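In this note's numbering, the protein residues as written are 19 to 110. Reviewing the structure listed below.
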Amino acid sequence: MEEVTNILKRLPQRTCIGCNTQKDKKDLIRIVKNKEGEISLDKTGKAQGRGAYLCDSTECLEKAIKSRRLEKSFEMKIEDNIYEELRERIKE
Numbered sequence: 019m020e021e022v023t024n025i026l027k028r029l030p031q032r033t034c035i036g037c038n039t040q041k042d043k044k045d046l047i048r049i050v051k052n053k054e055g056e057i058s059l060d061k062t063g064k065a066q067g068r069g070a071y072l073c074d075s076t077e078c079l080e081k082a083i084k085s086r087r088l089e090k091s092f093e094m095k096i097e098d099n100i101y102e103e104l105r106e107r108i109k110e
């Protein structure tokens, strides 16, 4: 019975800010803004701060940049060098 319960548990869902598709949290990349206002990729998914999720694709990142969704999510202007850093890390 316990095995059945574990199988039926749902994985946490998050929405990509680029393509607006809901996926399992583990399939998305988390971008986090910490208390100091620094933005970085959160590979562990556990860093403290406000998070936004993206598919692991440059297309979704470009859509998020064009629509300014990342800026809206974090309520701040995001510098071009941060976007460049995100592009580089997603390409890896």
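For each residue, glycine too, the CB sits at the ideal point set by N, CA and C. Treat the numbers as computed from the prediction; the structure is a model and nothing was measured.
Euclidean distance between Cα positions of residue i and residue j
| i | j | result |
| --- | --- | --- |
| Lys64 | Lys44 | 12 Å |
| Asn52 | Ser58 | 8 Å |
| Gln31 | Lys41 | 5 Å |
| Leu79 | Glu102 | 10 Å |
| Ile100 | Asp60 | 14 Å |
| Thr39 | Ala82 | 12 Å |
| Lys84 | Leu29 | 30 Å |
| Arg68 | Phe92 | 7 Å |
Strand pairing of residue i, partner residues [DSSP]
| i | result |
| --- | --- |
| Lys41 | Arg32 |
| Gly69 | Val50 |
Nearest-angstrom Cβ-Cβ length linking residue i and residue j, presumed shorter than 8 Å
| i | j | result |
| --- | --- | --- |
| Leu104 | Ile35 | In fact, because the Cβ distance is near 12 Å, the residues do not count as touching under 8 Å. |
| Asp74 | Ile49 | With a Cβ gap of about 12 Å, Asp74 and Ile49 do not count as contacting. |
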